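Report on the following structure.
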Amino acid sequence: MWMSIFTSVEVGLMFALMALGVYLSFRILDFPDLTVDGSFVTGAAVAAIMLVNGVNPLMAVAAAFAAGFIAGTITGLLHTVGGINPLLSGILMMIALYSINLRIMGAPNVSLLAQDHLFTWIRQGIGGTWAIMIVMVVFVLLVKIMLDFFLKTEFGLALRAVGDNHLMITSFSGNIHFYKVFGLGLSNGLVAIAGALVAQYSGFADVNAGIGMIVIGLASVIIGEAIFGKKTIIRTTLAVIVGAIIYRIIVALALRVEFLETGDLKLITAIIVILALVLPKAIAKQKETMRKRQRRLRLSAQKG
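Our numbering numbers the first residue of the sequence shown as 2 and each following residue consecutively.
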């Protein structure tokens, strides 16, 4: 069981990058971006095909980020320039990416088992059971710190304002279209990096690997916010990262239950999201009921 949890933490750190991307689109920009299901695979596909052709693994990950960024910007342009509904923009790009990803890979599945990649470098260079986890912790924290810093800059504050109150940005002559396009590009770039890392870790890239990624990302965000809150950017991004790890651990433990199978993963994800959405509200409602009851008791005691 401990090995299963250990592996879940490693994979959770990779999916944390995807969760940060979802956080940018859903929470910062208030944009329901379904491109994520496609851009995750795009990152995996680009990294895989470059590794097969002998490209440096770091360059492959950088190329995956660039491909995801382009996918996100196209979604943004469909919405801002094309005037298409945000949800539909993401759906259209997600559908288009399925064919594009097939074109990139040339097959539904690309194996990386015989290729040198980032994690073979880590195992050979550092060695030890904890090598991958240590490297991933450092990398994810570095991305988090950079994202925190970016969101506190003048540009980042404007980006946050677009999701909160775009009319204010317009009143200051800000180009909300540019902010949305850039934000969606950055969001899907992070998602694509996650796809590239997961493909190297698992040893293959699959065209169907992105199905349900948006729900996994949302589950990570919701779980993290429910546990740690969202008072500050620094706290929220940390919550999202921890939420992704907790999600993977919950899934790993759930799959150890005898009557559950691997095919039940999507059902487990849906249940986790439902619980993460419903439980905090139910607890808050219960606390409010208790406060009202105590208030009534105090008033009755005073009158008596």
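All C-beta atoms in this analysis are idealised placements derived from N, C-alpha and C, irrespective of residue type, glycine included.
What you are looking at is a predicted structure, and each value in this text was computed from that prediction instead of being measured.
> With contact counted as at least three CB pairs below 8 Å, one residue from each stretch, are the segment 37-53 and the segment 181-197 in contact?
Replying inline: Verdict: yes, contact present.
> Are the segment 74-81 and the segment 126-142 in contact at 8 Å, needing three or more beta carbon pairs?
Replying inline: no
>> What would DSSP say about D207, mapped onto helix, strand or coil?
In response: Against the sequence shown, residue 207 aligns to sequence position 206. Strand at D207.
> Which partner residues of N110 appear in the DSSP bridge assignment?
Replying inline: The residue you call residue 110 lines up with position 109 of the sequence shown. Its beta-bridge partners are D207.
> So, helix, strand or coil for K232, using DSSP?
Replying inline: Here residue 232 refers to the residue found at position 231 of the sequence shown. Coil.
>> Among E11, P87, V42, Q303, whose alpha-carbon lies nearest the alpha-carbon of I105?
In response: Position 104 of the sequence shown, counted from the first residue, corresponds to residue 105. Of the listed residues, the one whose Cα sits closest to I105 is V42.
> Along the chain, which unbroken stretches of the beta strand (DSSP E) at least 3 residues long are found entirely within the segment 55-113?
Replying inline: 110-112
>> Using a Cβ distance threshold of 8 Å, determine whether the segment 242-249 contacts the segment 147-156, with at least three qualifying pairs required.
In response: no
> By Cβ distance below 8 Å, which residues in the same chain neighbour V252 in space, the five residues on each side in sequence not counted?
Replying inline: Here residue 252 refers to the residue found at position 251 when the sequence shown is read from its first residue. Counting only Cβ-Cβ distances below 8 Å, and skipping sequence neighbours, we find S9, L266, I269, T270, I273.
> Does the distance from the C-beta atom of N189 to that of G83 stay below 9 Å?
Replying inline: Looking up residue 189 in the sequence shown gives position 188. Looking up residue 83 in the sequence shown gives position 82. No, these two residues do not count as a Cβ contact at 9 Å.
>> Is the beta carbon of E11 closer than 9 Å to that of M134?
In response: Counted from its first residue, the sequence shown places residue 134 at position 133. Counted from its first residue, the sequence shown places residue 11 at position 10. Yes, the pair counts as a contact, with Cβ atoms nearer than the cut-off.
> Relative to the C-alpha of G218, which residue among T238, T233, F205, V208 is closest?
Replying inline: On the sequence shown, residue 218 is found 217 positions in, with the first residue counted as 1. Minimum Cα distance to G218 is reached at T238.
>> For the alpha helix (DSSP H) containing V12, name the first residue and the last one.
In response: As a working mapping, residue 12 is identified with position 11 in the sequence shown. Segment 3-24, the alpha helix (DSSP H) holding V12.
> Helix, strand or coil: how does DSSP classify I127 here?
Replying inline: Taking the sequence shown and counting its residues from 1, one reaches residue 127 at position 126. In the structure shown, I127 sits in coil (DSSP, three-state: anything other than H, G, I, E or B).
> How big is the Cα-Cα spacing for A159 and E262?
Replying inline: Sequence index remark: in the sequence shown, residue 159 carries index 158 (1-based). Sequence index remark: in the sequence shown, residue 262 carries index 261 (1-based). In a straight line, the C-alpha of A159 is about 46 Å away from that of E262.
> In its own chain, which residues sit with a C-beta less than 6 Å from the C-beta of R249, not counting the 5 before and 5 after it?
Replying inline: If you number the sequence shown from 1, residue 249 lands on position 248. Taken in chain order, the residues that qualify are S9, V12, G13.
> Given a threshold of 16 other Cβ atoms within 10 Å of its Cβ, counted over all protein chains shown, does T74 qualify as buried or as exposed?
Replying inline: What you label residue 74 is simply residue 73 of the sequence shown in a count that begins at 1. Per the 10 Å Cβ criterion, buried.
>> Using a 10 Å radius around the Cβ and a threshold of 16 neighbouring Cβ atoms, would you call G22 buried or exposed?
In response: Here residue 22 refers to the residue found at position 21 when the sequence shown is read from its first residue. Per the 10 Å Cβ criterion, buried.
>> Among the candidates D207, Y202, V279, whose CA atom is the shortest distance from the CA of F16?
In response: Start at 1 with the first residue of the sequence shown, and residue 16 comes out as number 15. F16 has its Cα closest to that of Y202, out of D207, Y202, V279.
>> Considering only the alpha carbon of each residue, which of R297, I223, K232, I247 lies closest to V279?
In response: For the purposes of this step, residue 279 is taken as residue 278 along the sequence shown, with counting starting at 1. For V279, the closest of R297, I223, K232, I247 by C-alpha to C-alpha distance is I223.
>> Check this for me: beta carbons of N184 and V163, under 9 Å apart or not?
In response: Position 183 of the sequence shown, counted from the start, is the residue given in the question as residue 184. Position 162 of the sequence shown, counted from the start, is the residue given in the question as residue 163. Residue identity check: residue 184 is Gly in the sequence provided, not Asn. Yes, Cβ-Cβ distance for G184 and V163 is below 9 Å.
> Considering only residues of the same chain and omitting the five flanking positions on each side of K231, which have a CB-CB separation below 7 Å?
Replying inline: As a working note, residue 231 is residue 230 in the sequence shown. The answer, listed in chain order, is T237, A240.
>> Applying the 10 Å Cβ sphere with the 16-neighbour rule, what's the burial state of I275?
In response: Counting from 1 along the sequence shown, the entry for residue 275 is found at position 274. So I275 counts as exposed.
> Can you name, in chain order, every residue of its own chain whose Cβ lies under 7 Å from the Cβ of A220, other than the five neighbours on each side?
Replying inline: Along the sequence shown, read from residue 1 onward, the residue named residue 220 stands at position 219. Here the set comprises Y248, T270, I273, V274, A277.
>> Assuming G44 is part of the alpha helix (DSSP H), what are its boundary residues?
In response: As a first step, residue 44 is located in the sequence shown; it is residue number 43 there, counting from the start. Here the alpha helix (DSSP H) through G44 covers 37-53.
> Does DSSP put H322 in a helix, in a strand, or in coil?
Replying inline: Outside the modelled stretch of the chain, which goes from 2 to 305, sits residue 322, for which no answer is possible.
> Rounded C-beta distance between G39 and N102? I'm assuming under 8 Å.
Replying inline: Along the sequence shown, one-based indexing puts residue 39 at 38. Along the sequence shown, one-based indexing puts residue 102 at 101. Yes, they are in contact, since the Cβ atoms of G39 and N102 sit about 7 Å apart, within 8 Å.
> Can the beta-carbon of L113 be found less than 9 Å from the beta-carbon of A20?
Replying inline: Residue 113 sits at position 112 when you count from the first residue of the sequence shown. Residue 20 sits at position 19 when you count from the first residue of the sequence shown. No; because the gap between Cβ atoms is not below 9 Å, this pair is not in contact.
>> Measuring only the C-alpha atoms, how far is S100 from H178?
In response: Position 99 of the sequence shown holds residue 100. Position 177 of the sequence shown holds residue 178. Cα-Cα distance, rounded: 27 Å.
>> I need the boundaries of the alpha helix (DSSP H) containing I133, first residue and last residue.
In response: Translated into the one-based positions of the sequence shown, residue 133 becomes position 132. Taken as a continuous stretch (DSSP letters only), the alpha helix (DSSP H) holding I133 covers 132-153.
> What's the gap between the Cα of S5 and the Cα of R292?
Replying inline: Locating residue 5 in the sequence shown gives position 4, where the first residue counts as 1. Locating residue 292 in the sequence shown gives position 291, where the first residue counts as 1. C-alpha separation (whole angstroms): 42 Å.
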